[in-house]
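Those protein sequence lines, which keep their order, are chains A and B. If you count the first sequence from 1, you need to add 87 to reach this note's numbering. If you count the second sequence from 1, you need to add 87 to reach this note's numbering. Since the structure comes first, as structure tokens, the remarks are kept for the end.
2 protein chains.
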Amino acid sequence: MKPSELITQNTTAQIYNIIRTAGEINRMGITRLSGVSKSTISIQINKLISLGLVEEISPENSEQRKLKLKIREGIGQVAGIFLGTTKLKAVIFNLDMSILCEQEYHFENISDPVETNSRIIEILKELCDQYRVRRLWGIGLGFPFPVDFTEGKPDSPPNVPLWHGYPLKELYEKEFSCPVLIENDVNVMALGEGYMGSTRNEADFLFIKAGTGIGAGLIIDGKIYRGAKGCAGDIGHIPIDGSTVLCHCGNKGCLEAVAGGKALTGLAKEKAESGESPFLAQRLKEGCELSARDINDGAIAGDLSCIKLVQDAGKAVGQVAEKLVSFLNPSSIVIGGGLANFGNHYIGAIREAIIRRSLHLATYELRVCFSELKDMSGPMGAGTLILDHIFSSKEFPETLKRI
Amino acid sequence: MKPSELITQNTTAQIYNIIRTAGEINRMGITRLSGVSKSTISIQINKLISLGLVEEISPENSEQRKLKLKIREGIGQVAGIFLGTTKLKAVIFNLDMSILCEQEYHFENISDPVETNSRIIEILKELCDQYRVRRLWGIGLGFPFPVDFTEGKPDSPPNVPLWHGYPLKELYEKEFSCPVLIENDVNVMALGEGYMGSTRNEADFLFIKAGTGIGAGLIIDGKIYRGAKGCAGDIGHIPIDGSTVLCHCGNKGCLEAVAGGKALTGLAKEKAESGESPFLAQRLKEGCELSARDINDGAIAGDLSCIKLVQDAGKAVGQVAEKLVSFLNPSSIVIGGGLANFGNHYIGAIREAIIRRSLHLATYELRVCFSELKDMSGPMGAGTLILDHIFSSKEFPETLKRI
């Protein structure tokens, strides 16, 4: 490629991504955001229109006379796949991130990677057939364990050891002949939340997933921050001051052992059996296997033991978050995952613990909120991950070849 | 400016910065690092040579026939100024970061900003006269308190309240008619260490300054990470598990109150008075005002109390660092500041505390080391800060006008 072509290619990608991120934008807006002149932008936009990637639309409000530009729907699709321990969410997105279809599937057991991925591949192929997607432009997948992002393989997954080193990226690339990216669950949730959720206008924030395990996803400058070995965000084993609860990792007082979903259901059972919580005792008597949902129900019903369980769990998360706030000074902390259903008692306790010790400057405009996208943050993030990739300056020329 | 000029300008800046960062590099190397073709690079290099910014040199080894390129020395200078609580270090750098001159000055008292800055300005003007620097291309300054980087003003400095809001950037810009950047001490130390010190080949690392206070500087993707309100790195008040030491901030067990220089000299005095440390008791008897240096001397001389003081201080720093390692997964942690003279007992305890709890994946290649640049990390970082700024794509056109 000639140098002038390379530079032009970068500008094309830049302008395409401005339109993609903005949704709808006029030429003046693109000029302002890109720093490139109007004449260059005209050339690039004509190119994008002739490629069929972008279209011009009349503004709804007839007083705004300028035509707006948007990504053309329907010319291509990517998939965002999000696997939890018991369910899969599969979404096919158009290139403007509008949803072509979404489906949820129950998975009894994901311990065998061969079986689990065969089923995921089958599901995705069926969806493509059903919605007449000839060929996917890319697939982003989020899995519930540590992932070596560069290699696209699971890295020592603690709960599903058979997955270690299983060549996920390679497998999906081969099956679907398109670019594939593999990420861990909390990182894609953070990315999704930043694209469309509560932090859609923020470039630097922290996403905490509180569920069976507790982990964090860190978005810096709009991108997932992975750290030197890809394990940034591993906050589940940061110790809680003064706690002596034994964790499965061998240490005492780990956040996950104090405030993870499994720890909470253990505590709930104790409080039910001892009768300290009349609400939980009743549920147990009804033959329920107690879960975080029961604790939440109890808290809503006003059972004091349940409220205390929720508050203590929030306090523990807040005690860890407080250290991260001092250190990183994020603009927002978003709480997602199963325990994010806990409501105000939970997030109030998190906020209180953060504010109690962090620097005033770091907290007075800090937002601590629940995920807006809830269980769509994962698939949304997986879709964003792959779209960001295929339309990056580096990949753009390859992507154009696929039109 | 025409669009083609803007794009060209960006490429010129990019190529200039590749040469600047590499030191000496041939055209092939530039092609590889920039992704721009040989013919474009030729045009840009000829432009940089004709502007006098870059020169071609013959390789020392005559078997390498390719000419190398380097930044031309002596055509311009920037200043890197670093103010501590009792001393100032002023360095004038050539554009290739070689040192034209460096001087250290004692400051009795920096509580009055008017007086202190008048003296700094006088010192810098004298240095420029003495070394025949006609005009500085830029000045970077590091100050020992929180700074609003965008405004270039101190922000609620706890120990020198009169400095709050003092228009530092404006003052120096007016006096020297050149771009000026103001930063806090630990951020410029981190930047300096990354440019020339122990982390010169790393883009993401953590710098901890342990002195009277304790703070951290975070380098992400080669740049200072400041956070939403500019106070990222404030680790001095993260609590140490189980400690009940009262901190001046009103909380208990803050890192700074347990392991800062002031806390340690307090403990040293106790141990001297109680006779627990024969070494410190002797020093006190000789009429010394005990300092961290005495503790270090005692540790070297084998005084067990002093060794324990040093180890406990290291352990406390390590307990905080361990949380940051789990969260951020940095490639290195560099320890600088006055307490970095504590040696192996200190850094050993830091390492041990980190490894004890952090994830294996995050620690097995983690480097924990002392600053290589020592008291040059500050001025070096201040110089790098302003050079990175004036040669950024955005500022490059303005900088060219100043030639």
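We put the CB at the ideal spot given by N, CA and C, even for glycine.
- Please report how far the alpha carbon of G284 (chain B) lies from the alpha carbon of A177 (chain A), in whole angstroms. 48 Å
- With 16 other Cβ atoms within 10 Å as the buried cut-off, status of L182 (chain B): buried
- Item | Pick from B:E262, B:I105 and B:L154 that is closest to E209 (chain B), judged by C-alpha positions | B:E262
- E270 (chain A) beta carbon less than 7 Å from that of V247 (chain A): no
- Counting along the chain, where does the beta strand (DSSP E) carrying R454 (chain A) start and finish? R454 to F457
- Taking contact to mean at least 3 C-beta pairs separated by less than 8 Å, is the segment 418-430 of chain B in contact with the segment 314-324 of chain B? no
- Task: Note the first and the last residue of the continuous alpha helix (DSSP H) segment covering V178 (chain A).
- Result: Run containing V178 (chain A): none in the alpha helix (DSSP H); it sits in the beta strand (DSSP E), K174 to N181.
- Amino acids of chain A, ordered along the chain, whose beta-carbon sits closer than 7 Å to that of S418 (chain B): A315
- Query: Are any of the Cβ atoms in chain A nearer than 7 Å to that of I322 (chain B)?
  - Reply: yes
- Task: Could you work out which residue in A:L214, A:D272, A:N416 and A:G317 is closest to A297 (chain A) when comparing CA atoms only?
- Result: A:D272
- At what residues does the alpha helix (DSSP H) containing N431 (chain A) begin and finish? N431 to R444
- Query: What residues from the segment 381-414 of chain A come within 7 Å of chain B, judged by C-beta to C-beta, listed N to C?
  - Reply: If you check each beta-carbon in the segment 381-414 of chain A against every beta-carbon of chain B, the ones closer than 7 Å belong to K410, L411, S413 and F414.
- What residues in its chain sit with their C-beta under 8 Å from that of I136 (chain B), if we drop five residues either side in the sequence? Excluding sequence neighbours, I136 (chain B) sits near E142 and E143.
- Query: Which residue from A:M276, A:Y192, A:K134 and A:F292 puts its Cα closest to that of S418 (chain A)?
  - Reply: A:F292
- Item | chain B within 7 Å of A449 (chain A), Cβ atoms only | When Cβ-Cβ separations below 7 Å define contact, A449 (chain A) makes contact with chain B.
- Give me the Cα-Cα distance between E452 (chain A) and A440 (chain A), rounded to the nearest whole angstrom. 16 Å
- Query: Which residues in the same chain as L93 (chain B) place their Cβ atom closer than 8 Å to its Cβ, once the five residues preceding and following it in sequence are excluded?
  - Reply: With a pLDDT of 49 at L93 (chain B), under the threshold of 50, the predicted position of this residue should be treated as unreliable, and no value is reported.
- Are the beta-carbon atoms belonging to A346 (chain A) and A386 (chain A) less than 7 Å from one another? no
- Name the chain D residues that come within less than 9 Å of E452 (chain A), Cβ to Cβ? Among the protein chains of the structure shown, namely A and B, there is no chain D.
- According to the Cβ coordinates, are L187 (chain A) and I179 (chain A) closer than 7 Å? yes
- Query: Straight-line CA distance for P90 (chain B) to F236 (chain B)?
  - Reply: Residue placement at P90 (chain B) is flagged as unreliable, the pLDDT there being 39, under the threshold of 50; the coordinate-derived value follows with that caveat. Straight-line Cα distance between these residues: approximately 31 Å.
- Give every residue of the same chain whose Cβ lies closer than 7 Å to the Cβ of R159 (chain A), excluding the five residues on either side of it in the sequence, and list them in chain order. G139, L140, V141 and E142
- Item | Alpha carbon of R222 (chain B) to alpha carbon of I473 (chain B), nearest angstrom | 15 Å
- What residues from chain B crowd round N288 (chain A), counting only those whose CB sits closer than 9 Å? Under the 9 Å cutoff, chain B gives no residues; its nearest Cβ is about 12 Å from N288 (chain A).
- For N338 (chain B), return the contacting residues in chain A, with the cut-off set at a CB-CB distance below 7 Å. R444
- Message: Taking the beta strand (DSSP E) that C188 (chain A) belongs to, which residues open and close that run?
- Response: Segment I186 to H193, the beta strand (DSSP E) holding C188 (chain A).
- Item | Span separating the alpha-carbon of W224 (chain A) from that of C265 (chain A) | 6 Å
- Message: By the three-class DSSP mapping on this structure, what secondary structure does F232 (chain B) have?
- Response: coil
- Item | beta strand (DSSP E) segment containing L474 (chain A), residue limits | From DSSP, L474 (chain A) is part of no beta strand (DSSP E) but of the alpha helix (DSSP H) over S464 to I477.
- chain B contact for A319 (chain A) (CB, 7 Å cutoff): yes
- Which partner residues of S285 (chain A) appear in the DSSP bridge assignment? DSSP, once it has assigned bridges, lists no residue as partnering S285 (chain A).
- Task: With DSSP collapsed to three states, give me the class of P241 (chain B).
- Result: Three-state result, P241 (chain B): strand.
- Query: Would P466 (chain A) be called buried (16 or more neighbouring beta carbons within 10 Å of its own) or exposed?
  - Reply: buried
- Query: Nearest to Q101 (chain A) by alpha carbon, out of A:D328, A:S121, A:N113 and A:K256?
  - Reply: A:S121
- With R438 (chain A) and N338 (chain B) assumed to form a contact (beta carbons below 8 Å), what rounded beta-carbon distance in angstroms separates them? That belief does not hold up - the Cβ atoms of R438 (chain A) and N338 (chain B) are roughly 17 Å apart, past 8 Å.
- Return no unless some Cβ of chain B is closer than 7 Å to the Cβ of I491 (chain A). The structure shown does not extend to residue 491 (chain A), since chain A is modelled only from 88 to 490, so the question has no answer here.
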